[in-house]
Each structure stands twice: as C-alpha cells, then as structure tokens.
Amino acid sequence: MKLLDGKICAASLVADISKKVAGYVGSGLRKPHMTVILVGEHAPSESYVKSKIKSCESAGFESSLLRFPESITEPDLLAKIAGINGDPSTDGLIVQLPLPKHIDPQNIINAIDPEKDIDGFHPTNFGRMTLGQKAFRPATAYGICKLLQFYEIPVKGKHCVVIGRSNIVGKPISIMLSNDFEIGNATVTLAHIETPRQLLLDETRRADIIVVAVGIPGFITEDMVKEGVVMIDVGINRLENGRIVGDVDFERVAPKCSWITPVPGGVGRMTVAALIVNTLMAYQNNFDLA
Ligand code: NAP
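All you need for our numbering is the position in the sequence shown, starting with 1, plus 290.
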C-alpha cells in the first residue's frame, strides 16, 4: 500500500505556480489575487480559509479575506459580491460555505461572476465542465484528478465507483472521471443513499478506483473492496475525541489498497491546491496569458 500524499502533491503544484507567478510579476504584471468571503463564525470554515490564505502566500498570490457578521442579509451579501465581480483587481472569488440558514447558498453561488468562480460551483462552469469545455472545475474533484495525475495512477478504461452525489464532490468527480479529459475516460458508477446495499457491495467489490464522499466515519470497510483498489477518501469527520477521520476504516482497508489517501493530508490539501490552479487560470484569462 502506498499513500497518495496530498501534502507532497499540493506543495509541488503550488511551487510550480509560484515560479510562473514570479515570471509574470518580473515582467511588470500585478500578482494573481484571490478574495475569500467568510460569513459568521464557524470553526472548520476558519481553518479552511486559513489554509487557502496560506497557500496564496506560498504561490506568490495576493489574498483578501472579507469577514461579515452572521446577521448579514442575503441582499447585502449579494451587493458585496456584485462589488467584487466589478473589481478588476480580484481574479478569483470564493464564498466560504456553509452560510447562515437565512441565506440561500444557490443564490450566492449564482451571483458570482463565472469568470471569477474559482470554486467551479456556478451553473455556467458546471455546465461547461459537464460538456467537456474549458471551465473552472469544482475544486475538490479537480484536486482529486490532479492527485491521480501526479502519482500516475491509470484512470482510462478503469472501473470507478463514486459514493455520494453532492454538487460539490460526488456529482462533479463522477462526471470528470467519465469525461474525455486528460484524467478521465473511466467507466463510472455513481452510488448514493438510495443505492441498495447489495448493489453497492457488488460495485465496490469490483471497483478499480473508489471515491467516497458521504461524511460517515468508517463507511468503507475491508469486506467492501478488492485487493489492489485505489481508494480516494474525501470525507472529513471530526470524532468526539477531536480526531479527524475520513469515510474509510483506514487501519483495516489500507492493507488491501494499492494506493490510498490519508485523512488528513489527502484530498483536503488538494482542494486548496486546485483553488490555486483555478485562480492562476482566472488571472491568465484576465491578462491573455497562455
Ligand atoms: P453531502 O452534501 O452531505 O453529501 C453526501 C452524499 O453522500 C449525499 O449524496 C448522500 O446521498 C450520500 N450518502 C449519505 N449516506 C449514504 C449511504 N449510506 N450510502 C450511500 N450514499 C450515502 O456531503 P459532501 O459535501 O459531498 O461531503 C462529503 C464528505 O466529504 C464530508 O465528510 C465532507 O466534510 C467532506 N468534504 C471534504 C472535502 C475535502 O476537501 N476533502 C471537500 C468537501 C467535502 P443523498 O444525496 O441521497 O443525500
């Protein structure tokens, strides 16, 4: 069993990007700029935002963190987004989710300029991605593809099982792995809560690659997988003792895997790295760089 180490892969991607940025800045251009909006106080969001800002520093980007109180109204938040959409000094905009209950996240996502939508959640980018066109690809799914590419894991022609169909993880990764992309061309089964247990077991037991994103600790057990499977664990679950674990029973499942992502230090790192890749793309688009 070998680890698909998100820390190593993310550091390598960010280091490559920082060299490119140094070249652009050396030629007189401004730095790429990511703006993050954070509403209210939510401990996990604080930590995700911190790691995004830190990665911007490593990549040589500028970053701005705009904090708004929990009580901000949806119209006021939409007005802030409109302001950033119109500001040419920001290349990429993220509104950190989750948002307070009185704000509809879909209205917020839809309000972000698709050209600044580095999370890749806007219907325009999701649609373009689904059609195989150039787009900002949803960051967690894109990060998984970058990780598979970095470790040269064959995907083309493989049987992948994705468990979970959320708009931010399961759905986009199932589309991306099956699309004719540089990392793709797999045959994909998408399982969800209505998938009968026996059908899920039949599928996972013959899968070459499993991507699990359900948010249930220990969901994938050793009897569910074949020897040599590549296991991508997207889950981030905080146990009562404070430990962070994924959706895979790592201790027992890892020995059967050819490759497996650790949690933490796997997909989470790659999500942030993919945001950096997307921000660079937004910047290159703005300056007509190749
Ligand atoms: P989500 O929106 O709650 O979606 C979970 C999905 O799992 C849903 O589609 C749900 O089905 C499905 N599901 C739940 N129980 C199931 C079961 N028993 N059998 C089969 N499918 C089941 O969660 P998410 O946002 O995709 O996140 C999933 C996990 O990944 C969470 O732990 C989250 O913290 C983590 N995450 C990690 C990253 C990262 O960067 N590493 C990024 C995002 C999320 P239904 O659609 O029918 O409800």
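Backbone N, C-alpha and C define an ideal beta-carbon position, used for all residues, glycine too. Only a predicted model underlies this, so the values are computations on that prediction, with no experimental measurement involved.
Between residue i and residue j, how many whole angstroms is the CB-CB distance? I'm expecting something under 8 Å.
{"i": "I408", "j": "L579", "result": "Contact doesn't hold; Cβ gap of about 16 Å is too wide."}
{"i": "G474", "j": "V515", "result": "The Cβ separation is near 22 Å, so there is no contact."}
Please confirm whether any heavy atom of the ligand NAP lies closer than 7 Å to the CB of residue i.
{"i": "A483", "result": "It is Ile, not Ala, that sits at residue 483 in the sequence shown. Answer for I483: yes, Cβ within range of the ligand NAP."}
{"i": "V535", "result": "no"}
{"i": "T511", "result": "no"}
{"i": "R455", "result": "yes"}
{"i": "N568", "result": "no"}
{"i": "A497", "result": "no"}
{"i": "G505", "result": "yes"}
{"i": "N575", "result": "no"}
{"i": "G525", "result": "yes"}
{"i": "I458", "result": "yes"}
{"i": "T420", "result": "no"}
{"i": "V478", "result": "no"}
{"i": "T430", "result": "yes"}
{"i": "T363", "result": "no"}
{"i": "G558", "result": "yes"}
Let me check one thing: in DSSP terms, what residues is residue i bridge-paired to?
{"i": "F358", "result": "V329"}
{"i": "K342", "result": "Paired residues: none, contrary to the question."}
{"i": "R528", "result": "I534"}
{"i": "L385", "result": "According to the sequence shown, residue 385 is Val rather than Leu. DSSP output for V385 lists I327 as bridge partner(s)."}
{"i": "A481", "result": "I453"}
Considering residue i, what are the terminal residues of the beta strand (DSSP E) in which it resides?
{"i": "S302", "result": "Per DSSP, S302 belongs to no beta strand (DSSP E); it is in the alpha helix (DSSP H), 296–316."}
{"i": "S548", "result": "547–550"}
{"i": "M466", "result": "Careful: M466 lies outside any beta strand (DSSP E), inside the alpha helix (DSSP H) at 460–468."}
{"i": "V519", "result": "519–523"}
{"i": "I500", "result": "499–502"}
The alpha helix (DSSP H) with residue i in it runs from where to where?
{"i": "T430", "result": "429–440"}
{"i": "I398", "result": "395–401"}
{"i": "V252", "result": "The first residue shown for the chain is 291 and the last is 580, placing residue 252 beyond what the model contains."}
{"i": "I566", "result": "557–576"}
{"i": "V543", "result": "540–543"}
Tell me, please, whether the CB atom of residue i is closer than 8 Å to any CB atom in chain D?
{"i": "A544", "result": "Considering every chain present, this structure includes no chain D. It has just one protein chain."}
Notebook entry, point to check: For the 8 Å Cβ check, are there 3 or more pairs between the segment 542–549 and the segment 513–521?
Noted result: yes
Checklist line | Cβ contact (3+ pairs, closer than 8 Å) linking the segment 445–460 and the segment 498–514 | finding: yes
Note to self: Taking 8 Å as the cut-off, does the segment 354–369 touch the segment 555–563 (at least 3 CB pairs, one atom from each stretch)?
What the structure shows: no
Notebook entry, point to check: Is the number of C-beta pairs between the segment 382–396 and the segment 326–343 that are closer than 8 Å three or more?
Noted result: yes
Check: Touch check for the segment 525–532 and the segment 479–498: three-plus C-beta pairs under 8 Å?
Finding: For the pair of segments examined, the segment 525–532 was found not to touch the segment 479–498: the number of CB pairs separated by less than 8 Å stays below three.
Check: On the three-pair Cβ rule with 8 Å, is the segment 308–324 touching the segment 342–351?
Finding: yes
Margin query: Quick test of the definition: if touching needs 3 or more C-beta pairs under 8 Å, does the segment 456–466 touch the segment 413–429?
Written below: yes
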